Amino acid sequence: MAITRISTSGVYGSKYSDLLGGLPGVMPAPTAADPGTGTSATVSFSTVTGSTSYTAISSPGSFTGSASSSPITVSGLSSGTAYTFQVRGNNAAGSGAYSAASNSVTPVIPGAMELIATGATTGGSTMTVTFSSIPQTFKHLQIRLTGKCFLAGSSASANVRFTVGGVTNYSYHEIKGISGTSSAAGAASQTSILLASSIWPQIDAPTYNVAGIILDVNDYTSTTINKTIRLHGGSNVSTGTFGSILQTGTVVSTAAISSISFSQINGGGWQLTKYSLYGIRG
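Taking the working numbering, the leading residue of the sequence shown gets 83, the next gets one more, and so forth.
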């Protein structure tokens with residue numbers, strides 16, 4: 083029996099002609115998310131009566147995926163490209179109309195890094211570099227410290243301390259080696275984390291040495307766990323002498339991190355250093 087279109091008025095977004103023909107109704111707009119593969123997206127939606135399966139389609143690209151329930155995985159996407167998705171219901175009579183478009187999502191390859199900001203120190207006995215208003219859109223953070231530095235005098239200490247905005251409780255442990263000799267140290271209930279002071283170049287001005295450190299801050303957006311930092315670095319402590327270090331630390335706070343500071347103290351060292359803050363995708 084032929085079905086004659088009798089109206090284009092909507093009932094829950096569906097046309098009367100669709101309903102009379104037994105087709106699924108039009109669905110609400112779905113919600114898209116990046117599952118972390120870099121080439122796919124998950125599309126979540128509310129089911130509608132009369133559907134036995136569902137199809138999601140991307141824009142751009144018209145990549146599709148199907149499932150009998152929410153969510154649907156749409157594969158074949160390009161990392162770094164923004165996509166929206168529409169979903170329709172299907173049954174034995176055919177397919178309903180596609181929903182309105184979802185939110186936009188951009189799949190990113192896991193571990194992909196993006197430069198957020200940079201900072202630098204120049205000279206002086208007290209210097210601070212602060213990264214504030216850190217975006218909460220990454221999984222982890224990484225800070226890279228590279229540069230030249232010197233001590234103002236033979237008795238000065240090249241100390242830089244790591245702090246997170248609003249947090250005053252930290253612990254850390256380190257294993258370091260200088261000139262073939264290794265040692266370990268640690269401290270709990272500290273007001274900051276002392277970063278690799280004894281392996282940084284410690285020579286008098288105006289001589290300069292080069293050093294580098296990579297520091298990871300894990301799960302910085304979490305609001306349920308304390309945050310862990312991991313550090314490794316090395317430098318030429320003096321002519322013909324090299325130092326290396328592995329260090330872990332805990333930021334004793336479950337609050338998400340939105341501000342990080344590096345502060346030089348005790349009158350020397352770590353001058354002329356560049357700090358680069360990166361976000362790491364989950």
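Each residue gets a CB set at the ideal place from its N, CA and C atoms; glycine is no exception. Computed from a prediction, not measured in an experiment: that's the story for all the values here.
Which same chain residues, not among the five before or five after residue i, have their C-beta less than 8 Å away from its C-beta?
i	result
S135	S148, A149, S150, G171, N172, N173
T332	Y252, S253, Y254, N308, K309, T310, I311
R342	Sequence inspection shows Ile at residue 342; the Arg mentioned does not correspond to that position. Cβ within range, chain order: T212, F213, I216, L223, I225, F244, T245, V246, G247, V299, L359.
State the DSSP-derived secondary structure class of residue i, mapped to helix, strand or coil.
i	result
K221	coil
R243	strand
Y66	Here the chain comprises residues numbered 83 to 364, so residue 66 is not present and cannot be evaluated.
N251	coil
A123	strand
A164	coil
L227	strand
Whose C-beta lies closer than 6 Å to the C-beta of residue i among residues of the same chain, with five residues either side of it excluded?
i	result
G229	L354, T355, K356
V130	P106, G107, M109, G171
T330	H255, R312
Expressed to the nearest angstrom, what Euclidean distance is found between the alpha-carbon atoms of residue i and residue j?
i	j	result
G259	G268	15 Å
G315	N185	41 Å
P189	T306	25 Å
I327	S141	48 Å
T310	D301	8 Å
I85	A111	Summary for I85: the model assigns pLDDT 42, below 50, so the residue's position carries little reliability; its value from the coordinates is reported in the next sentence. Going from the Cα of I85 to the Cα of A111 covers about 28 Å.
R226	F344	12 Å
T203	R243	14 Å
P283	S264	Low per-residue confidence applies at P283: pLDDT is 45, beneath 50, and the placement is therefore not dependable, though the value from the model is reported in the following sentence. So the alpha carbons of these two residues sit roughly 17 Å apart.
Just checking, does the segment 292 to 305 make contact with the segment 254 to 273 on the three C-beta pairs under 8 Å criterion? no
Does the pairing of the segment 194 to 203 with the segment 175 to 182 give three or more beta-carbon distances under 8 Å? no
In chain order, which beta strand (DSSP E) runs of at least 3 residues are fully inside the segment 105 to 161? Entirely contained in the segment 105 to 161, the beta strand (DSSP E) runs reaching 3 residues are, in chain order, 113 to 115, 122 to 126, 135 to 141, 146 to 149, 154 to 157.
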